[in-house]
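Numbering (the working numbering), first residue to last: -10 to 390.
Reading through the C-alpha cells given below for one structure.
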C-alpha cells in the first residue's frame, strides 16, 4: 500500500508542480496522505485531500519554471513530455535551446489557440456583449448574426496566425475572412451552402480586423457607430497612448439631430464635441474614429448617411505621426506600416508573456523586442521567438513588499 501512495504522490506532484518533487516536498505530502489514512480515511478520500493541498500550493499556482512559462505562453497549458525532459536535462538555459523549443511549439496546433486568446484579450473581442442594438434600426442584428460576428474574429486570427503568414500587416489589412450565411449577407458576398467558408471581401471596403463587424459593432451606440469609441480603442490598443477619463458631467449619450434637420453621424458628433472642454482632447484622436464612418452601427458598409455623403477623412497628428487619412482601409494600412504600432504590439506581447504591466525598467527590453519585430517584418511568431530567447524571460523582477 505504501508503494501505491508513494507512486501517486510522485506522479501527481510532478504534474502539479511541472517538475519532480524535492525530497522534503514528497515527505510532506506523503505525511499528509498517511495521516489521513491513519485516521480511517479511505484511499480515494485521502488522495482527494492530498490533491487539494497540491492545488493550493504556491508551486502550482505560480509559474516559476522556464518550461512552465514557455508552455503557458505558447500553448496555454502545462508542458508536454518533451519540454519537461528538456527542463530535466537543463536544455532550456541558453537562448539557442529556448529558440529550438519555441519553434517546435509554434508548429503545434495548440499555438493557434494561444494566438486567438492573446488577441481576444488585447483587442477586446468580447466587448460585443456590452453593446446592444436598437431592433427597429437594425432588424438584421439577430442573435445569430451577433454570434457569427464574434466567431469571425477568432477564425480570422486563427487563419492569419495558423495557416497564414502570421504578420501584423495581414492582421490589419487582409481582406480574406470566413463567413456563414448571416455574415455573408452583411458583407455582400455569396453565402456558403452550409457552415462557414473562406471568402475575399472587397479590398476597397474591408482591410483586416478593424474593418470587420465585431470591432465596428462593439464600438457603437444602439442606433449608430461611435467615432469617439472607435477612436479611443485604436488610440489605446494599437498606438499604446493613454487617455484621461472625461469630466463627470459630460454627456456620453448618442447625439441626435434637431427636429427638422438632417445631419450625418459625424456632423452630430462634431457638434457635440465642439466645446473647448471636449475638443482639447478629441481633436487629437477623433480622426481615428471618423475614418470608420463608412460603417454603420453593426458594421455594414455605406457611402451615404441619412442621404448625405459620408466623410471619412481626417488628419492625425500625434508624436511622430502626421497622417492624412482617407478612410478605414487607408488607416488600417497606415497602422500596419507604423513603427509606433509595431512598438505597441511588442509592448503588449511583453506584458502578456510576463503576466504584469511594464515598468520603466523594461523599456530597454521592449525596445529591443520592437526592433526585432520590425526587422522580421512584423512576424508575430518571430516576435515570440525573440521574446523567449531574451534572457529577461528567464527571470522575475524582485517585488518589494
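Beta carbons: idealized from backbone N, C-alpha and C, even for Gly.
Computed from a prediction, not measured in an experiment: that's the story for all the values here.
Going by C-alpha distance, which of the options is nearest residue i?
i: residue 10; options: 364, 278, 43 and 158; result: 43
i: residue 258; options: 230, 15, 219 and 198; result: 219
i: residue 234; options: 248, 267 and 82; result: 267
i: residue 56; options: 45, 68, 46 and 374; result: 68
i: residue 144; options: 309, 201, 120 and 230; result: 201
i: residue 99; options: 125, 130 and 152; result: 152
i: residue 232; options: 261, 274, 215 and 241; result: 274
i: residue 333; options: 224, 47, 90 and 34; result: 224
i: residue 327; options: 363, 130, 179 and 62; result: 363
i: residue 97; options: 85, 339, 128 and 147; result: 147
i: residue 309; options: 74, 216 and 230; result: 230
i: residue 217; options: 369, 270 and 70; result: 270
i: residue 307; options: 330, 83 and 27; result: 330
i: residue 264; options: 47, 71 and 239; result: 239
i: residue 382; options: 272, 349 and 340; result: 340
i: residue 105; options: 12, 125 and 149; result: 149
i: residue 272; options: 221, 243, 195 and 228; result: 221
i: residue 215; options: 195, 243, 260 and 194; result: 243
i: residue 32; options: 58, -8 and 70; result: -8
i: residue 194; options: 187, 127, 260 and 291; result: 291
The ligand MG heavy atoms versus the CB of residue i: any closer than 6 Å?
i: residue 177; result: Of ligands this structure carries none, so the ligand MG is not represented either.
Within the same chain, show all residues whose beta-carbon is closer than 8 Å to that of residue i, passing over the 5 residues directly before and after it, in chain order.
i: residue 115; result: 109 and 139
i: residue 323; result: 312 and 314
i: residue 390; result: Legend: pLDDT at residue 390 = 41, less than 50; position of this residue unreliable, value from coordinates given subsequently. Closer than 8 Å at the Cβ level, and outside the excluded window around residue 390, lies no residue.
i: residue 245; result: 257
i: residue 34; result: 25
i: residue 416; result: The shown model of the chain, from -10 to 390, leaves out residue 416, and the question about it has no answer.
i: residue -2; result: 10, 15, 18, 19, 22 and 39
i: residue 131; result: 171
i: residue 75; result: 56, 81, 86 and 90
i: residue 372; result: 334, 335, 338, 358, 361, 362 and 365
i: residue 177; result: 191 and 290
i: residue 346; result: 340
Quick check: residue i and residue j, are their CB atoms within less than 7 Å of each other?
i: residue 88; j: residue 378; result: yes
i: residue 253; j: residue 297; result: yes
i: residue 155; j: residue 103; result: no
i: residue 0; j: residue 49; result: no
i: residue 213; j: residue 317; result: no
i: residue 320; j: residue 280; result: yes
i: residue 375; j: residue 361; result: yes
i: residue 211; j: residue 118; result: no
i: residue 86; j: residue 80; result: yes
i: residue 160; j: residue 197; result: yes
i: residue 113; j: residue 137; result: no
i: residue 164; j: residue 181; result: no
i: residue 54; j: residue 92; result: no
i: residue 359; j: residue 342; result: no
i: residue 94; j: residue 62; result: no
i: residue 60; j: residue 72; result: yes
Using a Cβ-Cβ cut-off of 6 Å (strictly less than) and excluding sequence neighbours within five positions of residue i, which residues of its own chain qualify?
i: residue 134; result: 171
i: residue -6; result: 22
i: residue 173; result: 180
i: residue 189; result: 164 and 165
i: residue 3; result: 9
Enumerate in chain order the residues of its own chain whose CB-to-CB distance from residue i is below 7 Å, with the five nearest sequence positions on each side excluded.
i: residue 392; result: Because the chain is modelled from -10 through 390, residue 392 falls outside the range shown and cannot be assessed.
i: residue 388; result: Any reading at residue 388 needs caution, since the residue's pLDDT is 49, under 50, leaving its predicted position unreliable; the model's value is listed next. Counting only Cβ-Cβ distances below 7 Å, and skipping sequence neighbours, we find nothing.
i: residue 120; result: 206, 207 and 209
i: residue 393; result: Only positions -10 to 390 of the chain appear in this structure, which leaves residue 393 out of reach.
i: residue 303; result: 276, 279, 280 and 314
i: residue 293; result: 299
i: residue 391; result: The structure shown does not extend to residue 391, since the chain spans only -10 to 390, so no value can be given for it.
i: residue 370; result: 95 and 155
Contact check, residue i vs residue j under 8 Å by CB: the rounded distance?
i: residue 162; j: residue 141; result: With 8 Å as the limit, residue 162 and residue 141 do not qualify as a contact, their Cβ atoms being about 16 Å apart.
i: residue 251; j: residue 295; result: 5 Å
i: residue 226; j: residue 111; result: 7 Å
i: residue 262; j: residue 305; result: Contact doesn't hold; Cβ gap of about 16 Å is too wide.
Step through the CB atoms of chain B and report whether any lies within less than 7 Å of the CB of residue i.
i: residue 189; result: The displayed structure is made up of one protein chain only, and chain B is not part of it.
For this session: Would you list, in sequence order, the uninterrupted beta strand (DSSP E) runs of no fewer than 3 residues that lie entirely inside the segment 262 to 287?
Result: No beta strand (DSSP E) of 3 residues or more sits fully in the segment 262 to 287.
Exercise. Which runs of the beta strand (DSSP E) fall wholly inside the segment 304 to 383 and span at least 3 residues, in chain order?
Worked result: Inside the segment 304 to 383, DSSP marks whole beta strand (DSSP E) runs of 3 or more residues at positions 310 to 314, from first to last along the chain.
For this session: May I have a chain-ordered list of the beta strand (DSSP E) segments no shorter than 3 residues that lie completely inside the segment 176 to 207?
Result: Within the segment 176 to 207, the complete beta strand (DSSP E) runs of at least 3 residues are 186 to 189.
Exercise. What are the start and end residues of each continuous beta strand (DSSP E) run of 3 or more residues lying completely inside the segment 14 to 53, in chain order?
Worked result: The qualifying runs do not exist here; there are none.
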